[in-house]
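Peer 1: I'd like to ask you about the structure that follows.
Protein chains in written order, with this note's numbering: chain A, 6 to 117; chain B, 522 to 632.
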């Protein structure tokens, strides 16, 4: 079936270091969304990418959508302790536009 | 403006019992989706309701059923509970294909 894979599963960084998580889909996505879930919390929407090759920035966060619309990445510059949490990508596929499938996330820990 | 609200926040059941979880969507949202999140995993899509009908369904058995009411609120019912049903159940509301707004979730423990 359709799958969304994220790597790495865990990432431990020193505060101030950069962080990148990658998301790969087995089939073409109509769009991709990124969510952040703090420990003990619920997923919170970060951004949605729709266009092939799209790049969006939110302060220290940079999101990219691949040209083939099958992969995406989230890059955080100069991590802070407030960045701690699990980052999920989620994508509906063309054939199931109403259904979002989440990856298993990348859990980021930041050492002060 | 209240966001997505879910109840109860925590509950404990025993195998074979039935459970009903409730969700009120964010104001103005007409579409409600339910997700199951096991520990250490991403949310798994259960089903989605729009205009009081199930529009999409994930790979969950018929023990999982739902309902949407005219005011857009929704219920998730799980029958014949198994130990493996222990998880955080998340409700998310949206308008069209926009971002999902999640509630705090209902944490179900099956003993």
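Note that the Cβ used here is the ideal one computed from N, Cα and C, for glycine as well.
Taking the Cβ atom as the reference point for each residue, do residue 13 of chain A and residue 623 of chain B lie within a distance shorter than 8 angstroms?
Peer 2: no
Peer 1: Is the shortest distance between the beta-carbon of residue 566 of chain B and the beta-carbons of chain A less than 8 angstroms?
Peer 2: yes
Peer 1: To the nearest angstrom, report how far apart residue 68 of chain A and residue 528 of chain B are at their CA atoms.
Peer 2: 34 angstroms
Peer 1: Can you tell which of A/31, A/55 and A/116 has its C-alpha closest to the C-alpha of residue 39 of chain A?
Peer 2: A/55
Peer 1: Starting from the beta carbon of residue 106 of chain A, find every residue of chain B whose beta carbon is closer than 7 angstroms, and list them in chain order.
Peer 2: 566
Peer 1: Taking Cβ to Cβ, would you say residue 626 of chain B is nearer than 8 angstroms to residue 609 of chain B?
Peer 2: If you check the CB distance, residue 626 of chain B and residue 609 of chain B come in under 8 angstroms.
Peer 1: Whose CA, out of B/587, B/593 and B/554, lies closest to the CA of residue 106 of chain A?
Peer 2: B/554
Peer 1: Taking 8 angstroms as the CB-CB cut-off, is residue 47 of chain A touching chain B?
Peer 2: yes
Peer 1: Taking just the CA atoms, how far does residue 598 of chain B sit from residue 533 of chain B?
Peer 2: 15 angstroms
Peer 1: What residues of chain A sit near residue 572 of chain B, judged by a beta carbon separation below 8 angstroms?
Peer 2: Contact note: residue 572 of chain B does not reach chain A at a C-beta cutoff of 8 angstroms; the least C-beta distance is about 12 angstroms.
Peer 1: Enumerate in chain order the residues of its own chain whose CB-to-CB distance from residue 104 of chain A is below 7 angstroms, with the five nearest sequence positions on each side excluded.
Peer 2: 97
Peer 1: Taking the CB atoms as reference points, tell me whether residue 575 of chain B and residue 568 of chain B lie closer together than 8 angstroms.
Peer 2: Residue 568 of chain B is positioned such that its CB atom lies closer than 8 angstroms to that of residue 575 of chain B.
Peer 1: Taking residue 561 of chain B as the reference, which of A/111, A/117 and A/115 has the closest Cα?
Peer 2: A/111
Peer 1: Hey, is residue 110 of chain A's beta-carbon within less than 8 angstroms of any beta-carbon in chain B?
Peer 2: By this cut-off, residue 110 of chain A is an interface position.
Peer 1: Interface residues of chain B around residue 68 of chain A at Cβ under 7 angstroms?
Peer 2: Ordered by position in chain B, no residue passes the 7 angstroms Cβ test against residue 68 of chain A, which lies about 13 angstroms from the chain.
Peer 1: Which bits of chain B does residue 53 of chain A rub up against, with CB to CB less than 8 angstroms?
Peer 2: Ordered by position in chain B, the residues that pass the 8 angstroms Cβ test against residue 53 of chain A are 619 and 620.
Peer 1: Using three-state DSSP, classify residue 530 of chain B as helix, strand or coil.
Peer 2: coil
Peer 1: Taking 8 angstroms as the limit between beta carbons, can you name the residues of its chain near residue 616 of chain B, skipping five residues before and five after?
Peer 2: Hits under 8 angstroms: 549, 550, 551 and 552.
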